[in-house]
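Oh and the sequence shown: position 206 is 1256 in this note's numbering, straight run, nothing missing. Notes follow once the structure below has been shown.
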Amino acid sequence: MTSVDAGEVRRRQEPWWAIAAIFVAGFVLLCLLLASPVLIRTFLFQPFNIPSSSNIPTLLVGDVFFVSKYPYGYSRFTWPLPWPSSLPPSARIWGATPARGDVVAFFLPKDNATVYIKRIVGLPGDRVQMKDGVLYINDTAVARERVEDLTGEPACGGDASERVKRWRETLPNGVSYETLDCVDNGFFDNTSVYVVPAGHLFMMGDNRDNSTDSRVLSAIGYVPIENVIGRAAMIFFSTAAAEKGKPGRIRFERIGTMVR
C-alpha cells in the first residue's frame, strides 16, 4: 500500500461563484415555497364556505369549495387581501364577461367587503322579471320542469324532514340547474321588470324564496362585473351540521363535486 503524506493532499476548492449560486438557488426555492399559497389564492383558486341555505340544492350549508380566479380576468376584487381603488389595476385585466348560469363569488356592491355566492341569471342589457314564481328573461319564460321534492336538508327554515318543491330550470344558453320553491306566492315571486345596466350582472340564489339577491335592490341590486371574484369550481370538503342530538358528519359523497 502506498502511503501519502496528509500534507500533500489538497482539497479541491469550489469557485466562489458556484457556492454563491447554490445559496441563491436555495433562497429562491424557499421564497417560492413560502409564496406559492399566496400566488395560488391570488391568481388561481381561493377557498370559500357556505354559511346559509340560499343556494340549496346546488350548494349546501357546510360546503367548502374553490372559486376559480382566472375565467373572468383579474380586478382589485380578485386579490385575497383588500386592494385600494387608488392603486392599479383600474379596470379588469384579461377581462371576460361571465356567462349566464355561472355560480360566482362577488363582493357586495354597497360595502365592497362582504362576499356573496349567487348564480348569474341576467347579463348587461337583459330584462329580468319574476311572474308567479317563474323567471322571465327578456320577456320570455325560462323553461322549467318539476322534479322530485327535496328532503334531507333544512332549506326553508324548518327541519330536514320537510319536503320542498324542486324544479329543473334551463336558461336560454342551455345551462340547467335545480331550484327550490319553499312557498307559493312568495314575496319575490312577482316583481317588476329589472333592466340590467351596462357593466353589471343580475344574481339570484337557487333557493328562490329564501335568498337575498339582486331582486332586493336595497340590499344587493345590480352587481358590477368588477366586483366578481371568480367562478365556483369544485367542492373539496363538506360537513352536515349536528341535528336533534345526532353528531355532524362529513358528506363524502359531495367531495370532488363540480359546481354547476
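For each residue, glycine too, the CB sits at the ideal point set by N, CA and C.
Requested in this report: Tell me, please, whether the stretch 1200-1218 touches the stretch 1095-1111 by the rule of three or more beta-carbon pairs shorter than 8 Å.
Outcome: yes
Requested in this report: Just the C-alpha distance for R1177 and N1188, rounded to the nearest angstrom, thanks.
Outcome: Within the sequence shown, residue 1177 is the residue found at index 127, counting from 1. Within the sequence shown, residue 1188 is the residue found at index 138, counting from 1. Taking the straight line joining both Cα atoms gives about 5 Å.
**Report entry** Own chain residues within Cβ distance below 6 Å of G1236, not counting five before or after
**Finding:** To locate residue 1236, count along the sequence shown from 1; it is residue 186. Within the same chain, G1236 has close Cβ partners D1259.
Query raised in the report: Taking the C-alpha atoms as reference points, what is the distance between N1162 and V1114?
Result: The residue you call residue 1162 lines up with position 112 of the sequence shown. The residue you call residue 1114 lines up with position 64 of the sequence shown. Each residue's alpha carbon lies about 22 Å from the other.
**Report entry** Cβ-based neighbour list, I1300, same chain, cut-off 6 Å, excluding 5 preceding and 5 following
**Finding:** On the sequence shown, position 250 is the one that residue 1300 refers to. Correct list, in chain order: T1289.
Query raised in the report: By Cβ distance, which residues of its chain are closer than 7 Å to A1056, with the 5 residues on each side in sequence left out?
Result: The sequence position of residue 1056 within the sequence shown is 6, counting from 1. Annotation note: pLDDT 48 at A1056 (below 50); position unreliable, coordinate value reported separately. No residues qualify anywhere along the chain.
Query raised in the report: DSSP on F1302, reduced to helix/strand/coil?
Result: In the sequence shown, the residue the question calls residue 1302 occupies position 252. Here F1302 carries a helix assignment [DSSP, helix/strand/coil].
Query raised in the report: Any idea what DSSP makes of Y1124, helix, strand or coil?
Result: Numbered from its first residue, the sequence shown carries residue 1124 at position 74. Y1124 falls in the strand class under three-state DSSP.
Report task. Can you check the stretch 1145-1230 for any beta strand (DSSP E) of at least 3 residues that lies completely inside it and give the ranges in chain order? Result -> 1153-1157, 1165-1172, 1177-1181, 1184-1187, 1193-1200, 1214-1220
Query raised in the report: DSSP puts Y1244 in a beta bridge; with which residues?
Result: Position 194 of the sequence shown, counted from the first residue, corresponds to residue 1244. Partner(s): V1178.
Query raised in the report: What is the DSSP secondary structure of G1057, reduced to helix, strand or coil?
Result: Residue mapping note: residue 1057 aligns to position 7 of the sequence shown, counting from 1. A caution first: G1057 carries a pLDDT of 47, below 50, which makes its placement in the model unreliable, though a value can still be read off. Here G1057 sits in helix by DSSP.
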